[in-house]
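Peer 1: Numbering (the numbering used here), first residue to last: 1454 to 1812.
For each residue, glycine too, the CB sits at the ideal point set by N, CA and C.
Small disclaimer: the values here were computed from a predicted structure and weren't measured.
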C-alpha cells in the first residue's frame, strides 16, 4: 500500500532504546509489591518494572542509545546502577546485572502513522500494520483489539457492504490511532521527567479529587484512555478542555486569595510592634546559622583573591616578573591556575603596550 496513490505514511524511530533485565523472586515471593507499576524516573531516561506470573519482575531500562554505548564493561554497569538505581542492585543481583546487560543490544522503538487504512473494497489495515506505537501508554495491543471491535460495529451498521464499510472504518479509526500514537510519545516524557515535578504531582492529586467530586465532568486522561470506550482523540480533546478549566480555576482562586488577603490587611492592619519580636528572633537565628558563617568565609576568600590580584597587577606594572611569579607560587589548585592565567594575560598586554610606545 505504500506505493499506492495518495497513501500517507510516516515512520519515526525515537532516539531512545530499551533493554530488559529480570528481577528474580525472593524466597518464592515477589521482590517488590506486585500491584504497582514501579518507575525510576531520571529525567532523560528511566527504568520500569512489571510483575510476571512466575513472580519475577521484568525491568525495562529506557535510555538514549549513546548512553547505552558508553557502558562497555560489567564494572561500568555496576557503577551506573549504583549511581542511578542503587536500590535495585540487591534485587536483581550483581552478577546478573553484569551479564544480562550484555545479553542483547538495546532495541529500537518506532512509531508509524498512515492513512487511509483501506484500498477500494478489497484490503484493510489493522493493528500494528496500521499504527505501530511506542509502548509508554500500554495501549498498542488494546488499540489493535479496538480496531476489530470498531470494524465489527461498522459492519453491523452498514450491512456488511465493504464498499461502504472500509471508507467508514478509515474515517473513524485514523484520528483515534494517530491520537494514541501521540499520547504514547507524550507519556514517555511524563513518566521519565514530569513525575519529578511537584507541580505535576499536585495537579494529579487535584484531578483525582475533582474526579471524585464531579465524576461526570472531570475525568483523568489515563482513566478515559484505559478504562472507558471514549475514543482516543475525544479523550485528548476532553483532557485539554479540563486542563484549561482547572488552570483558570486555580488562577481565579489565587487572584481571589491575594485580593481577599490584601483587603483584610487594609481593613485590619496588623500591629507592627508584635511583628518586630519574631523578626528579631529570625535574624538572630540567621546570624548564628551555618549558612551565614559559610557566606562570611566565602566573602573573606573573595576579598583575599581581590587583594592578591591587585598586588600582581602592581608587580607587572613595576616590571618585576620574579616577584610576581614568586607570589603566585604560594597558590595551588584552581585558584592558583586562575591567578596565573590572569597574570599571564596582563603581562602580554603590558608587553604589547611597551612595544607600541617604542614604535
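1) Assuming residue 1571 contacts residue 1611 (C-beta within less than 8 Å), just tell me the rounded distance between them.
2) Does the distance from the C-beta atom of residue 1637 to that of residue 1494 stay below 8 Å?
3) Skipping 5 residues on each side, what residues in its chain have a beta carbon closer than 8 Å to that of residue 1627?
4) Quick check: what's the CA-CA separation for residue 1716 versus residue 1700?
5) For the 8 Å Cβ check, are there 3 or more pairs between the stretch 1509–1522 and the stretch 1468–1479?
6) With a floor of 4 residues, list each alpha helix (DSSP H) that falls wholly inside the stretch 1500–1584, ordered by position along the chain.
7) Determine the extent of the alpha helix (DSSP H) in which residue 1462 is found, giving its start and end residues.
8) Counting C-beta neighbours from all protein chains within 10 Å, is the total for residue 1540 16 or more, i.e. buried, or is it exposed?
9) Check whether the stretch 1477–1488 touches the stretch 1502–1511, taking contact to mean three or more Cβ pairs, one atom from each stretch, closer than 8 Å.
10) Considering only C-alpha positions, which residue in the set 1498, 1563 and 1677 is nearest to residue 1693?
11) Going by C-alpha to C-alpha distance, which of 1713, 1675 and 1667 sits closest to residue 1644?
12) With three or more beta-carbon pairs closer than 8 Å as the criterion, would you say the stretch 1655–1667 touches the stretch 1696–1710?
13) When DSSP builds the beta bridges, which residues end up paired with residue 1470?
14) Given residue 1565, which residues of its chain have a CB within under 6 Å of its CB, disregarding the five upstream and five downstream residues?
15) Measuring straight from C-alpha to C-alpha, what distance separates residue 1593 and residue 1587?
16) Going by DSSP in three states, residue 1650 sits in which element: helix, strand or coil?
17) If you draw a straight line from the C-alpha of residue 1524 to the C-alpha of residue 1483, how long is it?
18) How big is the Cα-Cα spacing for residue 1509 and residue 1542?
19) Indicate the three-state DSSP secondary structure (helix, strand or coil) for residue 1588 in the structure shown.
20) Does the Cβ-Cβ distance between residue 1550 and residue 1531 come in under 8 Å?
21) Consult DSSP for residue 1628 and reduce its assignment to one of helix, strand or coil.
22) Hey, how far is the Cα of residue 1688 from the Cα of residue 1639?
23) Look at residue 1596 and residue 1633 and say whether their C-beta atoms are less than 8 Å apart.
24) For the candidate residues 1605, 1563 and 1589, whose alpha-carbon lies nearest to that of residue 1579?
25) Bridge partners for residue 1742 per DSSP, in chain order?
26) CA-CA distance, residue 1528 and residue 1667?
27) Would you kindly work out how many angstroms separate the C-alpha atoms of residue 1491 and residue 1560, rounded to a whole number?
28) Tell whether a beta-carbon distance below 8 Å holds between residue 1538 and residue 1500.
29) Let's test the definition: count the other Cβ atoms within 10 Å of the Cβ of residue 1684 and tell me whether it reaches 16, buried, or not, exposed.
30) What does DSSP give as the partner residues of residue 1479 in its beta bridges?
31) In this structure, does DSSP put residue 1492 in helix, strand or coil?
32) Determine the direct distance from the alpha carbon of residue 1519 to that of residue 1786, and round the result to whole angstroms.
33) Considering just the uninterrupted stretch of the alpha helix (DSSP H) at residue 1669, what are its terminal residues?
34) What whole-angstrom Cβ distance do residue 1686 and residue 1673 have, given they're in contact under 8 Å?
35) Go ahead and pull the three-state DSSP assignment for residue 1458.
36) Buried or exposed: where does residue 1622 fall if 16 or more other Cβ atoms within 10 Å of its Cβ makes it buried?
Peer 2: Let's see:
1) Here residue 1571 refers to the residue found at position 118 when the chain shown is read from its first residue. Here residue 1611 refers to the residue found at position 158 when the chain shown is read from its first residue. In this structure, residue 1571 and residue 1611 do not form a Cβ contact; the two beta carbons are roughly 13 Å apart against a cut-off of 8 Å.
2) Taking the chain shown and counting its residues from 1, one reaches residue 1637 at position 184. Taking the chain shown and counting its residues from 1, one reaches residue 1494 at position 41. No, the Cβ-Cβ distance between residue 1637 and residue 1494 is not below 8 Å.
3) For the purposes of this step, residue 1627 is taken as the residue at position 174 of the chain shown. Answer for residue 1627: 1568, 1569 and 1570, listed in chain order.
4) Position 263 of the chain shown, counted from the first residue, corresponds to residue 1716. Position 247 of the chain shown, counted from the first residue, corresponds to residue 1700. A straight line joining the alpha-carbon of residue 1716 with that of residue 1700 spans about 24 Å.
5) Cβ pair count under 8 Å is three or more, so yes.
6) Runs found: 1518–1523, 1527–1537, 1539–1545, 1547–1553 and 1581–1584.
7) For the purposes of this step, residue 1462 is taken as residue 9 along the chain shown, with counting starting at 1. Note, residue 1462: premise wrong, no alpha helix (DSSP H); beta strand (DSSP E) at 1461–1466.
8) Position 87 of the chain shown, counted from the first residue, corresponds to residue 1540. By the Cβ-count criterion, residue 1540 is exposed, with fewer than 16 other Cβ atoms from all chains shown falling within 10 Å of its own Cβ.
9) Taking one beta carbon from each stretch, the stretch 1477–1488 and the stretch 1502–1511 have 3 or more pairs nearer than 8 Å; the two touch.
10) Along the chain shown, one-based indexing puts residue 1693 at 240. The residue with the shortest Cα to Cα distance from residue 1693 is 1677.
11) Residue 1644 sits at position 191 when you count from the first residue of the chain shown. Distance check between residue 1644 and each of 1713, 1675 and 1667 places 1675 closest, using alpha-carbon atoms only.
12) The stretch 1655–1667, when compared against the stretch 1696–1710, does touch it at the 8 Å Cβ threshold.
13) Locating residue 1470 in the chain shown gives position 17, counting from the first residue. For residue 1470, which the question treats as bridged, DSSP gives the partners 1516.
14) Sequence index remark: in the chain shown, residue 1565 carries index 112 (1-based). Taken in chain order, the residues that qualify are 1464 and 1585.
15) As a position in the chain shown, residue 1593 is number 140, starting the count at 1. As a position in the chain shown, residue 1587 is number 134, starting the count at 1. Each residue's Cα considered, the two are about 8 Å apart.
16) Start at 1 with the first residue of the chain shown, and residue 1650 comes out as number 197. Coil, per DSSP.
17) Taking the first residue of the chain shown as position 1, residue 1524 is located at position 71. Taking the first residue of the chain shown as position 1, residue 1483 is located at position 30. Looking at the two C-alpha atoms, the distance is approximately 29 Å.
18) Position 56 of the chain shown, counted from the first residue, corresponds to residue 1509. Position 89 of the chain shown, counted from the first residue, corresponds to residue 1542. When rounded, the distance between both Cα atoms is 15 Å.
19) Start at 1 with the first residue of the chain shown, and residue 1588 comes out as number 135. Residue state for residue 1588 is assigned as helix, using DSSP reduced to three classes.
20) Here residue 1550 corresponds to residue number 97 of the chain shown, with the count starting at 1. Here residue 1531 corresponds to residue number 78 of the chain shown, with the count starting at 1. Cβ atoms of residue 1550 and residue 1531: closer than 8 Å.
21) Mapped onto the chain shown, residue 1628 falls at position 175. Secondary structure of residue 1628 (DSSP, three-state): helix.
22) Counted from its first residue, the chain shown places residue 1688 at position 235. Counted from its first residue, the chain shown places residue 1639 at position 186. Cα to Cα, the separation comes out at about 14 Å.
23) Indexing the chain shown from 1 puts residue 1596 at position 143. Indexing the chain shown from 1 puts residue 1633 at position 180. It is a contact, given that the beta carbons lie within the stated cut-off.
24) The count along the chain shown starts at 1 and reaches residue 1579 at position 126. With distances taken between Cα atoms, residue 1579 lies closest to 1605.
25) On the chain shown, position 289 is the one that residue 1742 refers to. Beta-bridge pairing links residue 1742 to no other residue.
26) By one-based count along the chain shown, residue 1528 stands at place 75. By one-based count along the chain shown, residue 1667 stands at place 214. Computed Cα separation, rounded: 53 Å.
27) What you label residue 1491 is simply residue 38 of the chain shown in a count that begins at 1. What you label residue 1560 is simply residue 107 of the chain shown in a count that begins at 1. Between residue 1491 and residue 1560, the alpha-carbon positions lie close to 21 Å from each other.
28) Taking the first residue of the chain shown as position 1, residue 1538 is located at position 85. Taking the first residue of the chain shown as position 1, residue 1500 is located at position 47. Cβ distance < 8 Å, so residue 1538 and residue 1500 count as in contact.
29) In the chain shown, the residue the question calls residue 1684 occupies position 231. Per the 10 Å Cβ criterion, buried.
30) Counting from 1 along the chain shown, the entry for residue 1479 is found at position 26. Per DSSP, 1482.
31) By one-based count along the chain shown, residue 1492 stands at place 39. Strand, per DSSP.
32) Mapped onto the chain shown, residue 1786 falls at position 333. Mapped onto the chain shown, residue 1519 falls at position 66. In this prediction, residue 1786 has a pLDDT of 47, which is less than 50 and means its spatial position is unreliable; what the coordinates show is noted afterwards. Each residue's Cα considered, the two are about 33 Å apart.
33) Start at 1 with the first residue of the chain shown, and residue 1669 comes out as number 216. Unbroken run through residue 1669: none, as it is neither H nor E.
34) Walking along the chain shown from the start, residue 1686 turns up at place 233. Walking along the chain shown from the start, residue 1673 turns up at place 220. Wrong, their Cβ atoms sit about 17 Å apart, outside the cutoff.
35) The residue labelled residue 1458 in the question sits at position 5 within the chain shown. In the structure shown, residue 1458 sits in coil (DSSP, three-state: anything other than H, G, I, E or B).
36) Here residue 1622 is taken as the residue at index 169 of the chain shown, counted from 1. Buried, by the Cβ-count rule.
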